[in-house]
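Let me begin by presenting the structure, written as structure tokens, before commenting on it.
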Amino acid sequence: MPGLTLLKQGSPLSDPAVQRAALVPKWGGRTFAQAVAAGGLTPLRATGVSVLQINVGKLCNQTCRHCHVDAGPSRREVMSQETMSECLRFVTRSGIQVVDVTGGAPEMNPNFRWLAGELRRLGCHVIDRSNLTILTSAGFEDLPEFLAAHEVEIVASLPCYLAENTDAQRGDGVFEKSIAALRRLNALGYGQPDGGLVLNLVYNPLGPALPPEQGPLEVAYHRELAARYGVRFNRLYTITNMPISRFLDDLLAHDKLDEYMQLLIDSYNPAAVAGLMCRSTLSVGWDGRLYDCDFNQMLELELVPDCPTRIHDIGEAALRKLAQRPIVVGQHCFGCTAGAGSSCQGAIVAAEQ
């Protein structure tokens, strides 16, 4: 199957069913369900819902090689304000305090600022998963000030502190724009050791490998970004590349899928299972459909049948079911349990030590 610069709708790997089939073990490897069962954790269940993750659309100003969302400038799937209002109603009924807003570039949704403002009005801690370059783009020049005024936590992708490595993954000129955005955020108080505005960075490998140990890499990021560019930040999160969408296509194009999947399987760490983000997070797609996590969302693996299918359908009884629901798993889940584990807050095992 040829490698694609951008997975166009209608191409083979734009079909989630084709992606799921590509991950079925053909090399004699065990399934994720078998790995979890061996540790006595079947069925894997949620431990509650403390975070609502809202994917507000696939529209993005970048086209990154590793993107599991297949986001880009040509995508037109964006969450409506009506669906956002349903999310707000759910937050109010459930008492959720943390809302994680992602995309695409979530800020490109025309109702992003309205959603963030309403969530803050409800007293929620709001996380914006930013690609940084959007903060330097035309029409978004005042976005850093908006985020600072609303005390929105920023989790920003910066796969390396070297320009050539970042641009190789995210496109020419991305690193320079990212550094400009980080300096502007620093000037507003983000990432300062004695400030209240949180700026966390995300590292993911450039190819089919596991991330290095999070702690030492964070030290290196602090040292190099400060020395080279005068940039400060709070924490660094290491996240494993998921064999989904564009990264799956890259693995297939270079005949690396079996090798990478075997690496994930061989690196399975049962200690990471307790901290999996799916156990405490509910994911909402741009169209209001519900999933255990953003990765399941991209593979269209919906919640177990006795749970509601859309954010619009959640009543009091459904709230209780969601908090104790069995998690839908697949081979891609090895990506979150390999090595130190991987979640939206970075390494799982290292974070718990």
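For what it's worth, our numbering labels the leading residue of the sequence shown as -17, then goes sequentially. Glycine included, every Cβ here is placed at the ideal spot set by N, Cα and C. Quantities reported herein were computed from a predicted structural model and do not represent experimental measurements.
What did DSSP end up calling residue i once you bin it into helix, strand or coil?
i      : result
TYR242 : helix
ASN147 : helix
GLY197 : helix
GLY39  : strand
GLU133 : coil
ALA329 : coil
ARG205 : helix
VAL310 : coil
ARG271 : strand
THR118 : helix
VAL213 : coil
LEU230 : helix
VAL286 : coil
ALA87  : coil
ALA320 : strand
Tell whether a beta-carbon distance below 8 Å holds between residue i and residue j.
i      : j      : result
ILE247 : PHE316 : yes
LEU233 : PRO225 : yes
LEU117 : LEU104 : no
ASN182 : ASN216 : yes
THR84  : ASP276 : yes
SER76  : VAL31  : yes
ILE309 : PHE72  : no
GLY312 : PHE94  : no
ALA28  : GLN306 : yes
VAL180 : GLU135 : yes
TYR273 : PRO190 : no
GLY21  : VAL255 : yes
ALA150 : LEU188 : yes
ARG12  : LYS40  : no
ALA4   : LEU230 : yes
GLY267 : GLN279 : yes
LEU192 : ALA320 : yes
VAL184 : LEU129 : no
Closer than 7 Å to a non-hydrogen atom of the ligand FMN - does that hold for the CB of residue i?
i     : result
ARG75 : Absence of the ligand FMN is noted for the structure shown, with no ligands found whatsoever.
What separation, rounded to the nearest whole angstrom, lies between the Cα atoms of residue i and residue j?
i        : j      : result
VAL0     : GLY177 : 47 Å
GLN16    : TYR250 : 12 Å
SER325   : ARG111 : 13 Å
ALA322   : LYS303 : 30 Å
THR291   : GLU206 : 45 Å
GLU100   : ALA120 : 25 Å
LEU258   : PRO25  : 14 Å
GLY171   : ALA138 : 15 Å
ALA253   : VAL331 : 7 Å
VAL286   : LEU23  : 17 Å
ILE161   : ASN147 : 14 Å
GLN244   : ASN223 : 14 Å
GLY328   : PHE157 : 21 Å
LEU301   : GLY155 : 45 Å
LEU(-14) : ALA235 : For LEU(-14), the pLDDT reaches just 30, beneath the cut-off of 50, and the residue's location in the model is therefore unreliable, although a value from the coordinates is still provided. The straight-line gap from Cα to Cα measures roughly 8 Å.
VAL81    : CYS260 : 14 Å
ARG2     : LEU281 : 7 Å
GLU123   : ASP288 : 45 Å
ASN339   : SER62  : Residue 339 lies beyond the stretch modelled for the chain, which goes from -17 to 335, so this question has no answer here.
LEU97    : LEU70  : 8 Å
Would you verify that the beta carbon of residue i is, or is not, closer than 8 Å to some beta carbon of chain B?
i      : result
ASP248 : You won't find chain B in this structure, because it holds only one protein chain.
Report the option in the options whose CA atom is closest to the CA atom of residue i.
i       : options                         : result
LYS167  : THR115, PRO198, ALA120          : Looking at the sequence provided, one finds Leu at residue 167 rather than Lys. For LEU167, the nearest C-alpha among the options comes from THR115.
SER265  : GLN35, SER67, CYS318, GLU59     : GLN35
PRO92   : VAL38, LEU140, HIS107, ASN113   : VAL38
TYR143  : LEU170, ASN278, TYR203, MET90   : TYR203
MET66   : ILE78, ILE136, ILE293           : ILE293
VAL60   : LEU301, ALA87, LEU70            : ALA87
SER127  : ALA235, GLY267, ARG165          : Per the sequence presented here, residue 127 reads as Glu, with Ser not at that position. The residue with the shortest Cα to Cα distance from GLU127 is ARG165.
GLN174  : GLN244, ALA208, PRO(-2), PRO194 : ALA208
VAL108  : LEU281, HIS132, MET90, GLU123   : HIS132
ALA145  : TYR211, LEU281, THR74, SER227   : TYR211
THR74   : CYS106, GLU89, ASP82            : CYS106
ASP(-3) : CYS289, ALA299, SER227          : SER227
CYS42   : GLU298, PRO7, SER262, MET90     : MET90
THR263  : GLN79, ALA98, GLY197, TRP96     : GLN79
Start and end of the beta strand (DSSP E) containing residue i?
i      : result
TYR387 : What the structure shows of the chain is the stretch from -17 to 335, and residue 387 is not part of that stretch, so it cannot be assessed.
ARG111 : 107 to 112
LEU218 : 218 to 220
SER265 : 263 to 266
THR84  : 80 to 84
Grab the span of the alpha helix (DSSP H) containing residue i for me, first residue to last.
i      : result
VAL0   : -2 to 4
ARG27  : Segment: none, ARG27 is in no alpha helix (DSSP H) and carries neither H nor E.
LEU373 : Residue 373 lies beyond the residue range present for the chain, which begins at -17 and ends at 335; the question has no answer from this structure.
ARG71  : 63 to 76
MET280 : 276 to 280
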